[in-house]
Every structure is written in structure tokens, then in C-alpha cells.
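Going by the working numbering, the residue at position 232 of the sequence shown is 232; the numbering climbs one at a time, nothing skipped.
Each residue gets a CB set at the ideal place from its N, CA and C atoms; glycine is no exception.
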Amino acid sequence: MSHHPPEPFRIKMVEQIHLINNTGRKQALESAGFNLFKLRSEDIFIDLLTDSGTGAMSQDQWSALMHGDESYAGARSYFRLDQAVTDIFGFRYFIPTHQGRAAEHILSLLLVKQGQYVPSNMHFDTTDANIRARGAHPTNLVIDEAYDPSNRHPFKGNLDIEKLEQLILEKGVDNIPLGMLTITNNAGGGQPVSLENIRKVSQTYHKYGIPFFIDACRFAENSYFIKLREPGYSQKSTIEIAREIFALADGATMSAKKDALVNIGGFLAMNDENLYKQSCNELILREGFPTYGGLAGRDLDAIATGLREGLNEDYLDYRLGQTAYLAERLLESGIPVIEPPGGHAVYIDAGQFLSHLPPSQFPGQALSAELYLEGGIRSVEIGSVMFAFPDPQTGEMIHPQMELVRLAIPRRVYTQSHLDYVVTTLQKIAKRKDSVPGYRITYAPELLRHFTANFEPLVSN
Ligand SMILES: Cc1ncc(COP(=O)(O)O)c(C=O)c1O
């Protein structure tokens, strides 16, 4: 069993949760169109849908809220956030946004044109959709090891530099308005990217004059993985590693709902003054004045405090240990998960676990539904529901390489016994897994369909 330190905090406030009975869960799922996003949270026992905005704030963050300055312009809260962002990320400019996708939207709107290509290791769904919404092509160039769930490469989020060079040569520099890198790589299992790789990605983009933006949502977890796994970094502090990472980039999009340990917020940071000015105009049009960007002053204070807490190494040690504990217990039970476990979540290889279901019957969706029916646990499918799309030429569905179910662990929320309950529930499903039915979609919008699609089981059990 790997290092799994106890929670480095005491619980001062609690929120009641309750497991509704079997019949209630069946009815709730049916009336949600078998889409777990549409369930009411009171019908859920353990909610592992996402680690985004679902964390518990600390006493320091709650007290920071009381210092929120709600001035429309020039609020003290903004300057406190500015100090934290500048200290950690070091970019010349930043604008707050209400969450990560607002930053992605502004960046895509200003830089990306129809028919262009935006490379990354892997884009997450909102980044992918924001690029597609501009008529462009999000292009995933993660190393091949990332697609082998049992390969224990320490940095499975790395971008394949050869694939990147090939894309640039094939499509031409003029068709690549920016290059990205997601740390950690959420869509590929929450896997970290090494500093060596970040440096090479930066050199390659810059060799061709392509601006380099980091999707920084889980930068603290990625930095701690570097400290633990990359030669030469064990003596560096996590904040020093973070600074080294961002010094290699021209900007970043950030959803503060992850490693800034808050329930809402984000920002877009950059070095380019012209891009900053244009971003401010877009921000004013949709989000708000550049010193609050769609957030309350108190939110800015909570982010400023949370950014520093997210880098605390006792916290990160516990956080990564908790994820590793869940993954190990599942593996012991014969449930295939992506190895090694990532930072914020354990990803079950649903394609392998429910191998009787082809991608067109959505094995990830099927397992998510079953986890709810069996134990009131909410997870999320990261597979064909989220990422399959029709080939523009033939109209035939192109499925992603992996059919996953993500068990995302909210920060500082659940204890080890909650995780043990998740393991027991999956053990029960494993005993009857061959009878788990596939699903078909009965309604889906064109973009980001997983949020609002409806499903029905192909065979009722
Ligand atoms: C890697 C990554 N990028 C971007 C986002 C979008 O952030 P937000 O939900 O704050 O819009 C997410 C959210 O889950 C994410 O995981």
C-alpha cells in the first residue's frame, strides 16, 4: 500500500448526506433521462461527478470572504488576487473570469479562426468545444503511453514532440494560432506533465513563433507530481516548481475551481499587452470590469488565499495519497483503472470492465448509471458520450481511444471511509458486470452533449 497520510485538517462544519432507497434511485435516474448531470444533489449519497468547485474552503478562506471589497472598480480584493497570481504565475497581465471556460472563450475568440488547428496534449471538453465553436480543430498530441491504461509512465500527460513537429509542418505555422498544454491532463486520466516536457513543448512552439498557453487548472497537483517523480526536483518547493513551469509559457487559462480551492472563479493571464487590452474589452462586454471579471470581490479574496493553500505540501501529500489509495483498493479488487493514478481522480477503464459493450453502446455511461443505481454514487463518463464526433467527410462516428468513468475526488470533502464505500459498491457491480446493459442516446445537442443528453438502456434488467 502506498503512502497515504491522514487528512491534515480537522472537520469544523458538516453537511448531512443521505442514501435514498433502491426504488428512489431508480426513479430519480429514469426521470433524469439516465443522465447523471440531471440528478438532484439531494438524491446522491457520494458525489464524485467533479472536483471542480466542489471543494471545502478553509477557515482562512471563509475569513477572507469577510474582507471582500465590492467596489466596482479598483477593489482591494483585486489587488490581493493580483499579488497572488503574479507571485505564483509571473505573467505580466491577468483578468479574472467567472470560471475557466470564460477565459478559454475569450482566448479562442481573439486568437482562433475557422479551419485552424490548436494543438495540446489533450484539450478538456470546454476547451475542445470553444475551439470547435470557432470552426477550428482541437488537436490532441499526447504520448502514446497515455492510451495504455496499465502503462505506469510517470508523466503520461506529456505531449509528443514529434507529433507536434509533424502537425506544424503539415498544417503550416499560419494555421496554428496558439499551442496549449493541459496540466494535469484531465481528459487523459489526470496525468501530470514533466518539466522536461513542458520545456520542450515551449521550445517547439517558440521555435515557430506560436504563442504557448497552459491550461493551468491543476497546476499545484502537477507541480507536486514533478517534485515527487522528476529527477532534480525533490528539494524544490512546489511554488518554485510552479514558477519554473509558467516562466516557459506566454499565458494561461485557469479554472480556480480546482487547485485554487474555491467554489467559483478563474482567470486568463498573458504577457502580451495587445492581447491583454483586447481581452479586457471582451471581458467588459460579457463578464465585467477587469478588476472583478464577473466575480464578487469576496470571491477574488477566496481565490487569492486558496491559490497559496493549494500549494501547501502537507495538503498535496494527503491529496495525491487519497487518490492513490482509492486506485490501489480498486486494482486489488480486480477493477481496471488507469495507472498510475492521477491527481484529482481515479479513472476506471469501463471499456475493459464492461468488455461486452462496444463503444457505440457507451460502456462508460452504463457503468456510471450502475454506480448510482447500486450505491447512490455519482461519477462521470469520459468516453464516447463526451468525445465521439461524426467524421466530417463520411459522417461515421469517430470514438475516442478510451471509454472511461471518472471518480473525481472533491478537495478536503470525503474521508477514507467514503472511499471504502465506493470500493465496496464497485465490488458488488463487478459480480454481475456481464448483465449491465448498454445505452443509446435519445436526445443530444451538437456541442458538449454529455451535459444535457438523454439516454435509455438497451435492455432493461
Ligand atoms: C482541464 C480543464 N480545463 C478547463 C476546465 C473548465 O473550467 P470551468 O469548469 O471552470 O469552466 C476544466 C473543468 O473541469 C478542466 O478540467
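| Query | Result |
| --- | --- |
| Relative to the C-alpha of histidine 98, which candidate in Val262, Phe389, Val459 and Thr204 has its C-alpha closest? | Val262 |
| If you count every other CB in all the chains shown that lies within 10 Å of the CB of glutamine 203, and 16 or more means buried, which is it? | exposed |
| Note down, in chain order, each residue of its chain lying with its Cβ closer than 6 Å to the Cβ of aspartate 69, except the 5 sequence neighbours on either side. | Ala75, Arg76, Ser77 and Gly297 |
| On the premise that alanine 256 lies in contact with glycine 265, defined as a C-beta separation below 8 Å, what is that separation, rounded to the nearest angstrom? | 4 Å |
| With a threshold of 16 other CB atoms inside 10 Å of the CB of valine 173, please say whether the residue is buried or exposed. | exposed |
| Within its chain, find whatever has a CB closer than 8 Å to the CB of isoleucine 46; leave out the 5 residues flanking it on each side and keep chain order. | Ile17, Gly375, Gly376, Ile377, Arg378, Tyr414, His418, Tyr421 and Val422 |
| Using the C-alpha atoms, what's the distance from aspartate 434 back to histidine 356? | 7 Å |
| In the DSSP assignment, find the unbroken beta strand (DSSP E) run with asparagine 454 in it and report its ends. | 454-457 |
| Secondary structure at glycine 375, three-state DSSP: helix, strand or coil? | helix |
| Give the single residue among Asp60, Leu448 and Glu339 whose Cα lies nearest to the Cα of aspartate 128. | Leu448 |
| Looking at alanine 366 and valine 459, is the spacing between their C-beta atoms short of 8 Å? | no |
| Which residues bound the beta strand (DSSP E) around threonine 97? | 93-97 |
| Please check the pair glutamate 196 and glutamate 230, which I expect to be a contact at CB under 8 Å, by giving their CB distance rounded to whole angstroms. | 7 Å |
| Which of the three DSSP states, helix, strand or coil, is assigned to alanine 216? | coil |
| Tell me which residues share the same chain as serine 234 and place their Cβ nearer than 8 Å to its Cβ, disregarding the 5 neighbours each side in the sequence. | Lys227 and Leu228 |
| Residues in its own chain within less than 6 Å of tryptophan 62 by CB, not counting five upstream and five downstream? | none |
| Can you list every residue whose CB sits closer than 6 Å to some heavy atom of ligand 1, going in chain order? | Ser52, Gln99, Gly100, Arg101, Phe124, Thr126, Thr127, Thr182, Asn186, Asp215, Cys217, Ser255, Lys257 and Gly266 |
| Taking just the CA atoms, how far does aspartate 43 sit from valine 112? | 41 Å |
| Report all residues from its chain with a CB closer than 7 Å to the CB of leucine 81; omit the five preceding and five following residues, and keep chain order. | Pro96, Leu300, Ile303 and Ala304 |
| Just to confirm my understanding: we take lysine 38, look at its own chain, exclude 5 residues before and 5 after, and list those with CB closer than 7 Å. What are they? | Ala32 |
| Would a C-beta distance cut-off of 8 Å place arginine 406 and isoleucine 382 closer than the cut-off? | yes |
| According to the Cβ coordinates, are leucine 268 and leucine 107 closer than 8 Å? | yes |
| What do you get for methionine 66, buried or exposed, if any count of 16 or more other CB atoms within 10 angstroms of its CB means buried? | exposed |
| Buried or exposed for lysine 156, going by 16 or more other Cβ atoms inside 10 Å? | buried |
| When DSSP labels each residue in this structure, what does serine 108 get in the three-state scheme? | helix |
| What residues match up with glutamine 114 in a beta bridge as DSSP calls it? | The partner list for glutamine 114 (beta bridge, DSSP) is empty, contrary to what the question assumes. |
| Span of the beta strand (DSSP E) holding glutamate 328? | Element bounds for glutamate 328: not the beta strand (DSSP E) but the alpha helix (DSSP H), 313-332. |
| Pairing CB atoms from the segment 303-319 with CB atoms from the segment 216-223, are three or more of them under 8 Å? | yes |
| Can the beta-carbon of glycine 438 be found closer than 8 Å to that of phenylalanine 362? | yes |
| Looking at C-alpha atoms only, which residue of Thr424, Leu275 and Arg412 is the closest neighbour of serine 493? | Absent from the model: residue 493. The displayed extent of the chain is 1 to 461, so no value can be given. |
| In angstroms, rounded to a whole number, what distance separates the CA positions of aspartate 259 and lysine 431? | 36 Å |
| So, does the segment 109-123 touch the segment 172-192, judging by three or more C-beta pairs under 8 Å? | yes |
| Taking isoleucine 409 and aspartate 51 to be in contact with their CB atoms under 8 Å, please state how far apart those CB atoms are, rounded to whole angstroms. | 6 Å |
| On a CA-only basis, which of Pro6, Gln278 and Gly179 is nearest tyrosine 93? Give me that one, please. | Gln278 |
| Using a C-beta cutoff of 8 Å, does aspartate 250 count as contacting chain D? | The structure shown contains no chain D; it holds only a single protein chain. |
| Can you tell which of Gln114, Ile198, Glu15 and Gly115 has its C-alpha closest to the C-alpha of valine 142? | Ile198 |
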